[in-house]
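In the working numbering, the protein residues as written are 771 to 920.
The beta carbon of each residue, even a glycine, is placed where N, CA and C say it ideally should be.
These numbers were taken from a predicted model, which means no experiment stands behind them.
Step one of this worksheet: look at the structure below.
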C-alpha cells in the first residue's frame with residue numbers, strides 16, 4: 771500500500787526514526803526557505819533586483835550537493851568525526867557568518883538566522899575545530915545533546 775505514495779524504506783527497529791527522518795528533511799527545507807528569503811531581503815534592502823537575486827539563489831541551491839560532495843563520504847566523515855580542513859575551515863566559514871550578521875545589522879534585516887549560524891561556528895572554534903572543515907560543526911551540534919543531558 772505504501773508504494774502508491776513512494777518507495778518504502780526500512781529505517782530500523784526504533785519507531786522514532788521515521789518521524790525523525792521526516793523532521794530532518796523539514797529541518798533542511800525550512801532552513802533553506804528562510805535563507806532564501808533572508809538573502810532576498812538583503813538584496814531588496816538596498817534596492818537590488820530581487821528577481822535576479824532569486825535566479826542566482828535558486829541556482830546556488832541546486833549546486834550545494836555538488837559542493838558538499840557524495841553523501842556517502844560525508845556520512846563516513848561524520849561517523850568517524852573526520853573533518854579535514856583542506857577545502858574550507860570552520861574559521862573561514864565563521865568569518866562569512868559574521869559578515870552575514872553584520873550585513874543584516876547594516877541593512878536593518880532580521881539577524882536571527884545568520885546569528886544562529888554564526889553561533890555554531892563560534893562554538894566550533896571555541897571547541898578547537900577552527901582548522902577543521904565546516905563539517906566540524908557536527909561535533910558542536912552533537913555536543914548540544916550532551917550539555918542538555920540527553
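- For residue 806, the uninterrupted alpha helix (DSSP H) run begins and ends at 786–815, by DSSP.
- If you look at residue 881, you'll find it isn't in any alpha helix (DSSP H); DSSP assigns it neither H nor E.
- Assigned with DSSP and collapsed to three states, residue 826 falls in helix.
- With distances taken between CA atoms, residue 856 lies nearest to 905 out of 811, 818, 840, 905.
- A Cβ-Cβ separation of about 22 angstroms leaves residue 897 out of contact with residue 882 under the 8 angstroms criterion.
- Distance from the CA of residue 877 to the CA of residue 814, rounded to the nearest whole angstrom, comes to 9 angstroms.
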